[in-house]
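Same order as they appear, the protein sequences are chains G and Z.
In terms of my numbering, the first sequence opens at residue 8 and continues consecutively.
In terms of my numbering, the second sequence opens at residue 87 and continues consecutively.
In what follows, a structure is listed as structure tokens, so that the remarks can point back to it.
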Amino acid sequence: MKCKVCKDTAVVALRSHNSAFCAKCFKTFFRREVERGIHAQGLLESADRILVALSGGKDSLALMLELSLMGYDVTGLHIDLDIPRSSAAARGHVERFCARHGLPLIVKELKEEGLSIPLVKDALTRPVCSACGKIKRHFFNKIAMEGGFTAVATGHNLDDEAARLFSNTLRWDVGYLSDQGPRLEGENGFVRKIKPLWRLTEFETANYAFLMGIENHYAPCPYSPGATFSTLKGLLQKLEAAMPGRKLDFYQGFLTRGRPAFAREQAVSGEALAPCAECGYPTSSGDHICGVCRIRHAVREKA
Amino acid sequence: MTEPNENTERKGEGCIRVKDPLDAILRAEPNIKVIAPEQKGSRITVTLQPQDIRMCLHRPKTVRQLLAALDLAEETALVARNGELLTPDRHIWPDEDILVRKVTSSG
Ligand code: SF4
Ligand SMILES: [Zn+2]
Ligand SMILES: [Zn+2]
């Protein structure tokens, strides 16, 4: 195959775009798609100070690198979950990446908060992942607020977003369907949350990471359930193989025609937010204290 | 390697051919995972990432056939040779060492 732009030997073939690119032209394509994603949803202004959540996965590192090359003001934030083996490996990977590219990095250790994920796991009866996700989001927001950042960016790609949408739709979860998207407004104690890679597939991001020399990293979390989400991704992958372009249509169609309807519904029936009595960060007004403070109590009682 | 040894034979002027490609691979990497050892003929070696599993299989002729042999759909894995990414139509030659990196992140 030849590059669609310069006719050199292609290194990436993309069926949904009916195209193939050489390395140089693929990087240009990737940049354009990130730009389109940012502009179409009004994700960023040039003056924004962006905190990029770096898990150590290729998507978040690719996002950090590309935003910095585009000239945005980016700082990485890695949350050290203190999970045996996997956390140290992920942290080392993120630290080496930032050092190599000269990018600023903040590391937050959950251990110093008394919220090491293995302790949280022992203190809870429900699956640890929802608590882990809650804790991570809490610190992304808190550190962004305290540090004067104007946006928190995560590396979610089109496959993540389409699978999440599929899952929310299967449950007809009006709350999630009312605000799922690449931009979540900053208000009432929340910093704006953005997903600039929303137009790019996992495959495209992986190609970009490879071509930019981002190392392979493999130290899976021992608590990962994975299965449900992988099943949904697999189904969408099959759909995409049969009908290239459907995944992006599904997600974009939701953003323009589906979400507004759910948002109206949620405005009528949804709960308002109020500050948590302990940490001051927002929570549903029905609750006295927020989810993270409740987890802190559970860990302390268990100890 | 200019002279034949017990695992090679002379094939025309100055040309040495490996008699049993699998045997040659196993000498170099005794712990490699062998797919379908009963199949004769040329072979390739593969590193399957992210887990970094080494395996050896009967040579597929193209990248598309390699993905099929590994039961991977197109656009679910990167395929590279000597640091260069390969599109599904590219040819694969005997004894090549290929990188296959699955792209699915756990979410
Ligand atoms: S798999 Fe679950 S526990 Fe492990 S890092 Fe992810 S959310 Fe946290
Ligand atoms: Zn080109
Ligand atoms: Zn709280």
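Backbone N, C-alpha and C define an ideal beta-carbon position, used for all residues, glycine too.
Sub-8 Å separation of residue i and residue j beta-carbons
i: Leu-164/Z; j: Ala-213/G; result: yes
i: Gly-121/G; j: Arg-303/G; result: yes
i: Ser-185/G; j: Glu-272/G; result: yes
i: Arg-103/G; j: Val-114/G; result: no
i: Leu-280/G; j: Pro-267/G; result: no
i: Ala-158/G; j: Ile-57/G; result: yes
i: Ile-178/Z; j: Pro-146/Z; result: yes
i: Met-141/Z; j: Val-132/Z; result: yes
i: Leu-143/Z; j: Val-186/Z; result: no
i: Ala-159/Z; j: Ala-248/G; result: yes
i: Ser-67/G; j: Asp-89/G; result: no
i: Ile-184/Z; j: Leu-152/Z; result: yes
i: Val-59/G; j: Cys-32/G; result: no
i: Arg-92/G; j: Ala-226/G; result: yes
i: Ala-169/G; j: Leu-243/G; result: yes
Chain G contact for residue i (CB, 8 Å cutoff)
i: Val-189/Z; result: yes
i: Gln-137/Z; result: yes
i: Gly-193/Z; result: Because Gly-193/Z sits at a pLDDT of 43, beneath the cut-off of 50, its placement in the model cannot be relied upon, and the point is left open.
i: Asp-157/Z; result: no
i: Leu-152/Z; result: no
i: Leu-108/Z; result: no
i: Glu-182/Z; result: no
i: Leu-134/Z; result: no
i: Pro-174/Z; result: yes
i: Glu-160/Z; result: yes
i: Leu-171/Z; result: yes
i: Leu-164/Z; result: yes
i: Met-87/Z; result: Residue confidence is low: Met-87/Z scores 47 on pLDDT, short of 50, so the model does not pin down where it sits. Its coordinate-derived value is still stated next. So, not an interface residue.
Distance cut-off 7 Å: residue i Cβ against heavy atoms of ligand 3
i: Glu-308/G; result: no
i: Ile-296/G; result: yes
i: Tyr-288/G; result: yes
i: Val-299/G; result: yes
i: Glu-153/G; result: no
Residue-chain proximity (residue i, chain Z), Cβ-Cβ < 8 Å
i: Arg-92/G; result: no
i: Val-59/G; result: no
i: Asn-223/G; result: yes
i: Phe-36/G; result: no
i: Ser-237/G; result: yes
i: Ala-248/G; result: yes
i: Lys-141/G; result: no
i: Ala-213/G; result: yes
i: Arg-7/G; result: In this structure chain G extends from 8 to 310, so residue 7/G is not present and cannot be described.
i: Gly-27/G; result: Just to set this straight, residue 27/G is Ala in the shown sequence, not Gly. Answer yes: the Cβ-Cβ gap between Ala-27/G and chain Z drops below 8 Å somewhere.
i: Arg-2/G; result: The structure shown has nothing for residue 2/G, since chain G only spans 8 to 310.
i: Val-306/G; result: no
i: Asp-147/G; result: In the sequence under discussion, the amino acid at residue 147/G is Phe, which differs from the Asp named in the question. False, the Cβ-Cβ gap to chain Z never drops below 8 Å.
i: Ala-95/G; result: no
i: Lys-240/G; result: yes
i: Gln-244/G; result: yes
i: Phe-104/G; result: no
i: Met-152/G; result: no
i: Thr-18/G; result: A quick correction: the sequence has Val, not Thr, at residue 18/G. Cβ-Cβ to chain Z under 8 Å: yes for Val-18/G.
i: Glu-209/G; result: yes
i: Met-8/G; result: yes
i: Phe-261/G; result: no
i: Ala-217/G; result: It should be pointed out that residue 217/G corresponds to Phe in this sequence rather than to Ala. By this cut-off, Phe-217/G is an interface position.
Check: residue i C-beta below 7 Å from any heavy atom of ligand 1
i: Ile-302/G; result: no
i: Ile-124/G; result: yes
i: Leu-88/G; result: yes
i: Tyr-230/G; result: yes
i: Gly-140/G; result: yes
i: Val-135/G; result: yes
Residue i: CB within 7 Å of a non-hydrogen atom of ligand 2
i: Val-114/G; result: no
i: Val-19/G; result: no
i: Lys-34/G; result: no
i: Val-12/G; result: yes
i: Phe-37/G; result: no
i: Lys-147/Z; result: no
i: Lys-126/Z; result: no
i: Cys-105/G; result: no
Integer-rounded CB distance, given that residue j should sit under 8 Å from residue i
i: Asp-166/G; j: Thr-208/G; result: 6 Å
i: Val-299/G; j: Lys-141/G; result: 6 Å
i: Gly-44/G; j: Leu-204/G; result: 7 Å
i: Lys-9/G; j: Ala-27/G; result: 7 Å
i: Arg-190/G; j: Leu-50/G; result: 5 Å
i: Ala-310/G; j: His-295/G; result: Contact flag wrong, Cβ pair sits at about 22 Å.
- Message: Does the segment 180–200 of chain G come into contact with the segment 75–86 of chain G, if we say contact requires no fewer than three beta-carbon pairs (one atom in each stretch) closer than 8 Å?
- Response: no
- Inspect the CB distances between the segment 188–203 of chain G and the segment 234–243 of chain G and report whether three or more fall short of 8 Å. no
- Task: Kindly confirm or deny that the segment 113–120 of chain Z and the segment 146–165 of chain G touch, where touching means at least three C-beta pairs closer than 8 Å.
- Result: no
- Query: Given 8 Å as the limit, is there contact between the segment 130–144 of chain G and the segment 227–236 of chain G, that is, 3 or more CB pairs closer than that?
  - Reply: yes
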